[in-house]
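Protein chains: 2
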Amino acid sequence: MNSRRASPPAAGKQPVPVASPWRASRERLRERAVKREAVIRAAAREFNRKGYHNTSLDDIAARLEVTKPTVYYYVTSKEQLLFQCFVAGVEQIRAAFRDVRHLEAPARERLNAVLRHYGQAVASEFGWCMVRAEDQDLSPAMSRHIKALKSEIDHGIRRLIREGVQDGSIQPCDPKMTAFALAGALNWIAHWYREDQSLTGAQIAEAFVAVFEGGLRPRAGAAPLPARRGPRRRARRVAEAVAR
Amino acid sequence: MNSRRASPPAAGKQPVPVASPWRASRERLRERAVKREAVIRAAAREFNRKGYHNTSLDDIAARLEVTKPTVYYYVTSKEQLLFQCFVAGVEQIRAAFRDVRHLEAPARERLNAVLRHYGQAVASEFGWCMVRAEDQDLSPAMSRHIKALKSEIDHGIRRLIREGVQDGSIQPCDPKMTAFALAGALNWIAHWYREDQSLTGAQIAEAFVAVFEGGLRPRAGAAPLPARRGPRRRARRVAEAVAR
DNA sequence: TAGGATAGCTACCCATGAGTATCATCGAGG
DNA sequence: CCTCGATGATACTCATGGGTAGCTATCCTA
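Sequence lines, in order, name chains E and U. Using the working numbering, read the first sequence as starting at 1 and increasing by one per residue. Using the working numbering, read the second sequence as starting at 1 and increasing by one per residue.
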């Protein structure tokens, strides 16, 4: 979870039986970090449920069974809370790019790997915040920051697409529009996943990647198009399904 | 100043020289409808620019060069304003479905036609409202209403996909996930189109349809995949961007 | 030309919610 | 024991903004 947060050599089970005068304060620091993280998580969950503007800091505090000033003890403003949630979400995606960078595979496969991570991140608890953090809700400074991060990801996708076209693993296409289409489809998960959790994030990502890869038009080998559902082959099934 | 004040021989040049006692009142009624529409349009534009919660009714009124109570003379609440914008947007898409219903073409082509309209609607001035009208921002009643309309569209797309799979014009796939992917990509246009209007809505829709149709994987006839972009072309750029 | 509907404005109300000043508690160190 | 720093709660301030009351002007109909 808060891996990069622990500043002491926290990673392992430090035995440290020594009664260092700093131990207590370090302990407190760690505890504080944990609490801060809890505040951000709680905020993410509430934003996710009710949206940024419909969530008051009192709500978040109540969810943690503390009061508003306590929340302010860990963050400086509501805006910062949103920003932190955003960063937490976006960091997962940046990690995906890093993971993939040194892979020895055609660009399309690397892109797919990124998209799978991307989809899972959007379906995660920070997904909503990442996707929906609106520049309009934030100060100019933070807005710029968020835009930069979003742009970085966008350009990362575009680059993979360009490389794929280059190495022949991706159908020639407009990288910008294609990147928008892919990212948009994935981003949108955040809108409906809350209500419909019948699949895991990974499953959704997988299904989306399959759609992106293959496209709608049947691949070679499929039956040629009849004029219209003319012979109405097994339209039965459809009719039933539609009636549902 | 208030130019829209003079509207007697308004849009439609109706000859009607007869001095019907009802003419005037009908005229007023029409005028009222026009003004109401202007209010809704103005609201859509402001919501589009600044988001629902960051737009006050004073803003909308100011944009129309009237005052808040005047706005309330035409709508009953801010919520209703959002709802009307939503309906205006969604109606374009419903129209697309109607247009396509009696077309004698494979389902994939009918789907594409709908998606093209869809994309244009999202890029229109009501696009943002349609896409972003959140149930959390609305009363339960309106929320239900909006959900029903959204669901209608979703199921319309799913049905076209199912028909396409049936008639062989669409690659076999999961209709639900595919519909989510397509609609998501198109919906997301509303997020970035505001900032980047380098293309028209129609052009974007066209580009997206091309991506959906063909998919990323090269079609038969394309060059086979080389191992990887050998010389690690410009990985430089990324490293910089990330470091930023 | 009076009476009434229409349309708009000024001036207000008031709930919400972000953010803060101030006090209370508690554990640790001197 | 007493202080100090960390943590939390109580109880505010105050700006914003949705919504309304009620006056005014205009124009239509009688």
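Just so it is clear, CB atoms sit at the ideal spot from N, CA and C, and this is done for glycine as well. Bear in mind the structure is a predicted one, so any value in this text is a computation, not a measurement.
Go ahead and label residue i buried or exposed: buried means 16 or more other beta carbons lie within 10 angstroms of its beta carbon, across all protein chains shown.
| i | result |
| --- | --- |
| E/Gln-120 | buried |
| E/Lys-147 | exposed |
| U/Pro-140 | exposed |
| E/His-102 | exposed |
| U/Leu-149 | buried |
| U/Glu-46 | buried |
| U/Arg-132 | buried |
| U/Thr-55 | buried |
Please report the residue range of the alpha helix (DSSP H) in which residue i lies.
| i | result |
| --- | --- |
| E/Gln-92 | 78-101 |
| U/Asn-187 | 175-193 |
| U/Ala-151 | The question names Ala, but residue 151 of chain U in the sequence shown is Ser. Where U/Ser-151 is concerned, the enclosing alpha helix (DSSP H) stretches over 140-167. |
| E/Ala-205 | 201-214 |
| U/Ala-105 | Per DSSP, U/Ala-105 belongs to no alpha helix (DSSP H) and is neither H nor E. |
| E/Gly-51 | It is not in any alpha helix (DSSP H) - E/Gly-51 carries neither H nor E in the DSSP assignment. |
| U/Val-71 | 68-74 |
| E/Asp-58 | 57-63 |
| E/Arg-132 | 127-132 |
Short of 6 Å in beta carbon distance, which residues of its chain neighbour residue i, apart from the five on each side in sequence? Order them along the chain.
| i | result |
| --- | --- |
| U/Tyr-118 | Ile-93 and Leu-186 |
| E/Arg-162 | Pro-175 |
| E/Ile-153 | Ile-93 |
| E/Gly-230 | Here E/Gly-230 scores only 39 on pLDDT, less than 50, and its place in the model should not be relied on; the value that follows carries that caveat. Hits under 6 Å: none found. |
| E/Ser-169 | Pro-106, Ala-107 and Arg-108 |
| E/Ser-143 | Asp-135 |
| E/Ala-284 | Absent from the model: residue 284 of chain E. The displayed extent of chain E is 1 to 244, so no value can be given. |
| E/His-191 | none |
| E/Lys-68 | Leu-57, Asp-58 and Ala-61 |
| U/Asn-48 | Trp-128 |
Below 8 Å on the Cβ atoms is my guess for residue i versus residue j; work out the distance and round it to an integer in Å.
| i | j | result |
| --- | --- | --- |
| E/Lys-300 | E/Tyr-72 | With chain E covering only 1 through 244, there is no way to say anything about residue 300 of chain E. |
| E/Val-211 | U/Ala-181 | 5 Å |
| U/Gly-201 | U/Ser-124 | 6 Å |
Taking 8 Å as the limit between beta carbons, can you name the residues of its chain near residue i, skipping five residues before and five after?
| i | result |
| --- | --- |
| U/Gln-171 | Val-165 |
| U/Cys-173 | Ile-161 and Val-165 |
| U/Asp-137 | Tyr-52, His-53, Glu-79 and Leu-82 |
| E/Phe-97 | Val-114, Ile-153 and Gly-156 |
| E/Arg-32 | Tyr-74 |
| E/Asp-167 | Pro-106 and Ala-107 |
| E/Val-87 | Leu-149 |
| E/Asp-99 | Ala-113 and His-117 |
| U/Lys-50 | Asp-59 |
| E/Gln-197 | none |
Confirm, please, whether the CB-CB distance from residue j to residue i is below 8 Å.
| i | j | result |
| --- | --- | --- |
| E/Gly-127 | E/Gly-156 | no |
| U/Leu-115 | U/Ala-205 | yes |
| U/Gly-214 | E/Arg-110 | no |
| U/Leu-57 | U/Ala-42 | no |
| E/Ile-60 | U/Gly-184 | no |
| E/Arg-194 | E/Ala-179 | no |
| E/Ala-220 | U/Ala-220 | yes |
For the ligand GDP, I want to know if residue i counts as a neighbour, meaning its beta carbon is within less than 7 Å of at least one of the ligand's heavy atoms.
| i | result |
| --- | --- |
| E/Ala-88 | Inclusion of the ligand GDP in the displayed structure is not the case, the ligand content being empty and no account of it being possible. |
Near residue i, which residues of its chain fall below 7 Å by C-beta distance, leaving aside the five closest residues on each side in sequence?
| i | result |
| --- | --- |
| U/Val-209 | Asn-112, Leu-115 and Arg-116 |
| E/Thr-70 | Ala-61 |
| E/Met-177 | none |
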